[in-house]
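In the working numbering, the protein residues as written are 211 to 841. Note that the Cβ used here is the ideal one computed from N, Cα and C, for glycine as well. Notes for the one structure printed next.
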């Protein structure tokens, strides 16, 4: 029997195989043609060839290979040996058994070329790890300086002539930080391109680079990547383009066979070097890791299918220690992770919740709605479960609106059309004319707290989850109190357009962190601002005006003012405004329990966050049952 490999087609000739062996070939995608089995060109054919050789050897099937097949097998062996060598290098570094002279040389390079920022010891080790293995993951906790680590390695590889383009894929919220960190870390402003949104026909021209229009820093989103895969692959393969491809907030590509993941994997091969960045690599399951390492090493299958199947069984049977041993062997050397305790930050101060008594009208409306929900709950069992859950979510949103800003009750809620103020004419008038009747007790307290911080010349970020509340607070501080205040939420533009002079998120952030700007009050929505935006250099106070059950956004918002590069010597302060006897208390207690649970496991290299930590919708239903279910 002869195995041939030519033009990415596998051909098995003159075969005499048993039925189970033929079935295996069919499983791998072979087609029978008389006395031949053919596997036509496919991206996986090199991996299939490896599997065939191993399988036939295991089955003691006698075979020979053609010259072209031998050449391909040899190249695969070379690549496999190189991969194993890289893993040994990565593991040696993590074990502390690396070449100290080479490390000192790298350290000296960073000192000489990163003139505006000195890397912290933990950043230097992470950077050296990435430099040595070239295609690596950084799973360090948020706020550890992962961006600076990547930029230092990019500068080193660029100096060596190995890369000349830094191409970053991530959420649009990461664009500003990458541009800022580039300047602050490398001391120069790069020529840059943002490839996101707009007309694809116009955007396509940006992918054709020459010495005149080639940028050093490219930024794009996962959604744009889906639409522009062909153009990006063409861009990477152009002569003179040597791309270092970065996936930021890489947990977005965890879903196996997801559209974003497929797009990322599709462009991996054309990049010269690759890196993934995320502080939560395993949110729900060990399988969340597979796409990350397949992207880093697309031709090597770091966690092969048999190991994936074994990991699945071990995870299902809760034999996590055995699963971690497999992962440590397979991918342990390929990532670096800095833990929170390694950062040397001052412990943050979580002030006791500030309990506030509602004012007359807001209390009247809150208690009426709470009572009505309690009465509604008695008959909920008559409805189907999906409809009941929609009602529960909608009612919980109404309660959260009450403790934020009564005017929000006028807003329509998607998938919820229950009129909770039906037959309540007086309450409707209160909601409609609330701003004329009173100032909410929360806003009264917030004003006094902000004025107190102003006297101390301290900046403050105010977190709230409703657009109407953001607009109310911003208007109140700017017009009623005469204090300069700006906001960042979903509507705030990411990039400047020619038809608008509205400030972008990046411009607002830069103005806010500037000590001399006069902008000391920022109001932000965690959904838009909790990820990627850093405020810690000049802001050390956060006030939570209202909360949701979304623990992921809550934890990310905490990190905005508690990070490397400012929090080593200055304490971060967190304040929580809570209405007495309201949903506020239940939400905060729930978030604190989740945060505590996460802190207990966050220092494990292969930690799994249970699904309920991130499923805020499920939490709202559980909270509803806890508050309004039968006792």
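Check                                                                                                                             : Outcome
Buried/exposed call for residue 774, threshold 16 Cβ in 10 Å                                                                      : buried
Three-state secondary structure assigned by DSSP to residue 555                                                                   : coil
Whole-angstrom C-beta distance between residue 489 and residue 854, which should lie under 8 Å                                    : Residue 854 is absent from the structure shown; the chain starts at 211 and stops at 841.
Buried or exposed by the 16-neighbour rule on C-beta atoms within 10 Å, applied to residue 611                                    : buried
Buried/exposed call for residue 759, threshold 16 Cβ in 10 Å                                                                      : buried
Distance CB(residue 387)-CB(residue 425) smaller than 9 Å                                                                         : no
Exposure of residue 346, with buried meaning 16 or more beta-carbon neighbours within 10 Å                                        : buried
Contact test: residue 229 Cβ vs the ligand PLP heavy atom, cutoff 8 Å                                                             : By its list of ligands, the structure shown contains no ligand whatsoever, and the ligand PLP lies outside what it can speak to.
Assumed close pair residue 339, residue 371 - CB separation to whole angstroms, cut-off 8 Å                                       : Between residue 371 and residue 339 the Cβ distance is about 22 Å, and since that is not below 8 Å, they are no contact.
Start-to-end residues for the beta strand (DSSP E) that takes in residue 750                                                      : 749-754
Minimum length 3: unbroken beta strand (DSSP E) runs contained in the region 374-427                                              : 375-379, 402-405
Residues bridged to residue 243 [DSSP beta-bridge criterion]                                                                      : 246
Residue 504, enclosing alpha helix (DSSP H) - first and last residue                                                              : 500-506
Chain-order list of residues whose beta-carbon lies under 6 Å from that of residue 452 (same chain, five-residue window excluded) : 373, 374, 482
Reduced DSSP category for residue 673 - H, G, I as helix; E, B as strand; rest coil                                               : strand
N- and C-terminal bounds of the alpha helix (DSSP H) containing residue 524                                                       : 515-526
Candidates 558, 662, 679, of which the one nearest residue 619 by Cα                                                              : 679
8 Å CB neighbourhood of residue 321 in its chain, flanking five on each side removed                                              : 328
Check whether residue 644 and residue 609 have beta carbons under 9 Å apart                                                       : no
Neighbour-count burial assignment, residue 829, 16 or more Cβ in a 10 Å radius                                                    : buried
Which of helix, strand or coil DSSP assigns to residue 300                                                                        : helix
Backbone secondary structure at residue 697 - three-state DSSP                                                                    : strand
Bridge partner(s) assigned by DSSP for residue 214                                                                                : 221
Cβ pair residue 476, residue 439 closer than 9 Å                                                                                  : yes
CB contact flag (residue 753, residue 641, <9 Å)                                                                                  : no
Straight-line gap, residue 280 to residue 213 (C-alpha atoms, nearest Å)                                                          : 9 Å
Sequence-distant residues of its chain with Cβ nearer than 7 Å to residue 600 (five each side left out)                           : 625, 626
Where the beta strand (DSSP E) through residue 348 begins and ends                                                                : 346-348
Within 9 Å, strictly: CB atoms of residue 436 and residue 606                                                                     : no
Limits of the alpha helix (DSSP H) - the one that residue 787 falls within                                                        : Careful: residue 787 lies outside any alpha helix (DSSP H), inside the beta strand (DSSP E) at 783-789.
The region 629-638 contacting the region 570-586, beta-carbon criterion three pairs below 8 Å                                     : yes
Endpoints, beta strand (DSSP E) assigned at residue 483                                                                           : 483-487
Pairwise C-alpha distance: residue 702 and residue 843                                                                            : The shown model of the chain, from 211 to 841, leaves out residue 843, and the question about it has no answer.
Buried/exposed call for residue 604, threshold 16 Cβ in 10 Å                                                                      : buried
Straight-line Cα distance separating residue 751 from residue 432                                                                 : 32 Å
Reference residue 763, options 736, 546, 744, 724, closest by Cα                                                                  : 736
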